[in-house]
Structures are given as C-alpha cells and as structure tokens.
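This report concerns only the one structure given below.
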Amino acid sequence: MAENGHHDGHGHGDNAEYYVLRAAAMQALLIEKGVCTLEDILTMADKIDSRSPKDGAKILAHAWLDPEYKKRLLADAEAAFLELGYDLPETSPTITVVENTNEVHNMAVCTLCSCFPRAIIGRPPAWYKELAYRSKVVVDPRGVLQEFGTVIDEAVQVKVIDSSADYRYLVLPMRPAGTEGMTEEQLAELITQESMIGVGLALSPESVRAS
Amino acid sequence: MAGDAAARFKVGDQVRIRVGVPPTHFRTPEYVQGKQGKVDTLWGAYPNPESLAYGGDGLPAQPLYQIEFAQTDLWRDYKGSVSDKLLIDIYENWLETI
Numbered sequence: 002m003a004e005n006g007h008h009d010g011h012g013h014g015d016n017a018e019y020y021v022l023r024a025a026a027m028q029a030l031l032i033e034k035g036v037c038t039l040e041d042i043l044t045m046a047d048k049i050d051s052r053s054p055k056d057g058a059k060i061l062a063h064a065w066l067d068p069e070y071k072k073r074l075l076a077d078a079e080a081a082f083l084e085l086g087y088d089l090p091e092t093s094p095t096i097t098v099v100e101n102t103n104e105v106h107n108m109a110v111c112t113l114c115s116c117f118p119r120a121i122i123g124r125p126p127a128w129y130k131e132l133a134y135r136s137k138v139v140v141d142p143r144g145v146l147q148e149f150g151t152v153i154d155e156a157v158q159v160k161v162i163d164s165s166a167d168y169r170y171l172v173l174p175m176r177p178a179g180t181e182g183m184t185e186e187q188l189a190e191l192i193t194q195e196s197m198i199g200v201g202l203a204l205s206p207e208s209v210r211a212s
Numbered sequence: 033m034a035g036d037a038a039a040r041f042k043v044g045d046q047v048r049i050r051v052g053v054p055p056t057h058f059r060t061p062e063y064v065q066g067k068q069g070k071v072d073t074l075w076g077a078y079p080n081p082e083s084l085a086y087g088g089d090g091l092p093a094q095p096l097y098q099i100e101f102a103q104t105d106l107w108r109d110y111k112g113s114v115s116d117k118l119l120i121d122i123y124e125n126w127l128e129t130i
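Going line by line, the protein sequences match chains Y and A.
For the first sequence, this note's numbering gives the first residue as 2, with consecutive numbering after it.
For the second sequence, this note's numbering gives the first residue as 33, with consecutive numbering after it.
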C-alpha cells in the first residue's frame with residue numbers, strides 16, 4: 002500500500018498541481034480576511050519543517066536507555082520533550098507517547114484527515130494521508146502490518162489509535178534484541194518513522210550494519 | 033488547554049456513541065457511531081471543534097475522552113484477534129449512557 006500510489010478520497014491523488022493551486026488560494030484568502038498573516042504561515046511551516054523523524058528517534062532512544070526518563074515520557078510527554086530541549090509551539094495539539102510491549106502493539110492513524118505528531122517528528126509520510134491506509138488500518142490492522150512486512154504475533158494485542166481530536170500519538174517501539182551496550186546515537190538509528198507510527202518495528206542492529 | 037469542566041463519565045464506564053451527521057464540522061467518524069465502548073481515559077475539557085470550525089469560541093468546552101472498543105464489536109467480520117482494540121477520542125456531546 003505504501004508505494005503504489007493510491008488515490009486519495011478526493012480524486013486528486015496524483016495531481017500535485019491542483020493542491021499547489023488550492024493551497025495558494027487558501028493562503029491568499031486567509032491573509033485577505035485577516036485570519037492570519039503571511040509571516041504566521043511561514044513561521045508555522047518552518048517550525049514543522051524544523052522537526053523530523055530523527056528528533057523523535059533521539060527522544061525515544063533516550064527513553065530506551067533511561068527507564069526513569071521513559072516513565073516521565075509516558076506520563077507527560079511534553080514535559081519530557083522539554084527536558085531534552087524540544088519545545089512545542091503553543092498551537093500544537095497535545096502529544097502523548099504510547100509504548101509497544103510484548104503484550105500490546107499500538108498503531109496510530111487519523112481516519113478523518115492527517116493528524117500527526119508534527120511538532121515533534123515533522124510532516125507525515127504520503128501514505129499516512131491516503132485513504133487506503135486511513136480506511137484499512139482501522140478495519141484490518143493486521144493486514145496493514147503484513148503489507149508493511151511487519152510480523153506481530155497473534156497473541157499480541159493490536160491497538161489502533163485514531164487521533165480524531167486534540168491528541169496526537171507517538172509510538173515508542175520495542176527495543177530490539179542485541180542492542181545492549183549501544184549508544185543513544187546508535188540506538189536512534191534503529192528508530193524509523195514507520196516504527197513511531199506503529200506500522201513497523203525498530204530495525205535490528207544487524208540490518209543497520211548490513212546497509 | 034485542558035480544563036476541569038465537570039465530566040459526566042468516568043474511566044471504565046460503558047458508553048454508546050451518538051448517531052448523527054450534523055451539517056457542520058464534526059470529529060466523530062461514522063464507523064464508531066451507534067457502537068458501544070468503554071471510557072479508557074479522560075483527557076480534560078477542550079473547546080468544541082464544531083464551534084471552532086465556524087469561528088466560534090468553542091465554549092462550553094467539552095470533556096474529551098478516549099474510548100476503547102473491541103474490534104469485534106466494530107466489525108462483524110474482523111479478521112484479527114478477539115483481544116484487539118480500537119481507541120478513539122470523542123467529545124462528551126457525542127456520548128450516551130447505556
């Protein structure tokens with residue numbers, strides 16, 4: 002599903018030009034009506050683009066290494082982000098972190114649009130916004146995992162979290178075996194964007210060494 | 033943003049999601065409407081998006097809950113494990129007592 006270019010719900014999936022024009026029209030209207038200024042829009046875009054999956058990976062790798070930090074991260078993610086120097090813009094929805102374990106595997110989606118913990122890991126991947134993912138993951142999460150090549154045991158409970166309102170969810174993937182003694186920087190390289198959404202697992206150290 | 037508006041429901045309560053397609057912006061997907069679930073978390077009170085979307089002040093703020101559903105209660109032919117869950121955030125004005 003991720004790579005084969007499904008159309009979105011409005012039938013403009015491959016028409017980038019359409020979206021560029023629509024965004025420009027929307028921006029012009031918002032400015033003209035005084036809802037916000039061009040500077041507001043540019044500042045917000047810069048803020049979102051200043052964050053990437055690498056930021057999330059750094060935070061989550063820190064949680065793997067420090068159990069006390071992990072507790073604080075799961076209890077109050079935004080305070081824990083701040084400890085590592087990551088502040089969120091005032092306009093950001095609340096971000097919370099959910100932990101994957103041997104018993105529970107969490108996956109995040111926004112069935113209504115494309116809500117995502119942007120303020121900490123930047124923009125979502127294209128497939129996250131497509132109707133194919135948004136509609137299938139709630140009905141058949143294990144089928145979606147399979148499409149991503151992710152193996153989750155039948156005995157593990159799969160929890161799909163639909164971020165339909167004021168909360169955004171960041172998944173803390175399980176720390177892979179064979180990572181004892183690795184540094185925070187090395188561990189962060191194992192934490193992919195897919196693993197922070199829950200459609201994938203953290204990479205094994207072998208797969209990173211091989212690449 | 034979270035406040036302390038008195039919440040009608042508490043964690044563990046069984047609730048039903050109201051059925052409705054108001055002619056406005058609403059954040060309750062139809063696939064959970066009419067379904068029965070359990071209050072998993074009370075997030076606090078947030079401005080009502082149905083008012084915010086039209087330039088309103090969102091007041092009174094709506095308590096926001098995370099509701100947990102058994103996947104087998106949402107989908108007749110669910111293919112996964114019977115223990116699988118779906119969690120979704122729903123504002124109190126969409127919740128009904130059972």
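Ideal placement from N, C-alpha and C gives every residue a C-beta, glycine not left out.
Per-residue contacts from residue i into chain Y (C-beta, under 7 Å)
i: ILE120 (chain A); result: ASP163 and SER165
i: GLY112 (chain A); result: PRO142, ARG143 and VAL159
Contact set between residue i and chain A, taken where Cβ atoms lie within less than 7 Å
i: THR112 (chain Y); result: PRO61
i: VAL139 (chain Y); result: TYR63 and LEU118
Residues near residue i by beta carbon distance below 6 Å, same chain, minus five either side
i: ALA38 (chain A); result: none
i: PHE58 (chain A); result: GLU82
Residues that residue i contacts on chain A, provided the C-beta gap is smaller than 8 Å
i: TYR134 (chain Y); result: The premise fails here: TYR134 (chain Y) is roughly 15 Å from chain A at the closest Cβ pair, so nothing lies under 8 Å.
Opposing strand residues paired with residue i [DSSP bridges]
i: LEU171 (chain Y); result: Y:VAL98
i: MET108 (chain Y); result: Y:VAL161
i: GLY76 (chain A); result: A:LEU96
i: TYR123 (chain A); result: A:LEU96
i: PHE101 (chain A); result: A:LEU118
i: ARG48 (chain A); result: A:GLN68 and A:GLU128
Inter-residue spacing [alpha-carbon to alpha-carbon] between residue i and residue j
i: TYR129 (chain Y); j: ASP45 (chain A); result: 32 Å
i: ILE32 (chain Y); j: ALA25 (chain Y); result: 11 Å
i: ASP89 (chain A); j: GLU185 (chain Y); result: 44 Å
i: ASP41 (chain Y); j: SER208 (chain Y); result: 42 Å
i: CYS116 (chain Y); j: LEU146 (chain Y); result: 20 Å
i: GLU4 (chain Y); j: ASN16 (chain Y); result: Only weak support exists for where GLU4 (chain Y) lies, its pLDDT of 42 falling under 50; the value from the coordinates is given anyway. Roughly 16 Å separates the two Cα atoms.
i: GLN158 (chain Y); j: LYS72 (chain Y); result: 21 Å
i: ILE49 (chain Y); j: LYS42 (chain A); result: 35 Å
i: GLN98 (chain A); j: TRP75 (chain A); result: 7 Å
i: GLU124 (chain A); j: LEU74 (chain Y); result: 27 Å
i: LYS66 (chain A); j: ALA85 (chain A); result: Note that residue 66 (chain A) is Gly in the sequence shown here, rather than Lys. Approximately 24 Å between the Cα atoms of the pair.
i: GLU18 (chain Y); j: PRO125 (chain Y); result: 20 Å
i: ASP154 (chain Y); j: LEU96 (chain A); result: 32 Å
i: ILE49 (chain A); j: ASP163 (chain Y); result: 15 Å
i: SER145 (chain A); j: THR38 (chain Y); result: Outside the displayed range of chain A (33 to 130) lies residue 145 (chain A), so it cannot be described from this structure.
i: SER83 (chain A); j: SER205 (chain Y); result: 47 Å
i: PHE149 (chain Y); j: ALA46 (chain Y); result: 29 Å
i: GLY199 (chain Y); j: GLY35 (chain Y); result: 39 Å
i: THR104 (chain A); j: TYR110 (chain A); result: 6 Å
i: ALA156 (chain Y); j: ILE120 (chain A); result: 23 Å
Contact set between residue i and chain Y, taken where Cβ atoms lie within less than 8 Å
i: SER115 (chain A); result: GLN158
i: TYR123 (chain A); result: ALA166
Min CB distance residue i to chain A below 8 Å
i: TYR168 (chain Y); result: yes
Own chain, CB closer than 8 Å to residue i, minus 5 neighbours either side, in chain order
i: ILE122 (chain Y); result: ARG52, SER53, PRO54, ASP56, GLY57, LEU171, GLN194 and MET197
CB contact check: residue i to chain Y, cutoff 8 Å
i: ILE49 (chain A); result: no
i: LEU96 (chain A); result: yes
i: VAL126 (chain A); result: Correcting the residue type first, residue 126 (chain A) is Trp in the shown sequence and not Val. Cβ-Cβ to chain Y under 8 Å: no for TRP126 (chain A).
i: TYR78 (chain A); result: yes
Same chain, Cβ closer than 7 Å to residue i, neighbours up to 5 away in sequence not counted
i: ALA64 (chain Y); result: TYR70, LYS71, LEU74 and LEU173
Just by C-beta distance, which residues in the stretch 143-158 of chain Y are closer than 9 Å to chain D? Given the protein chain composition of this structure (Y and A), no chain D is represented.
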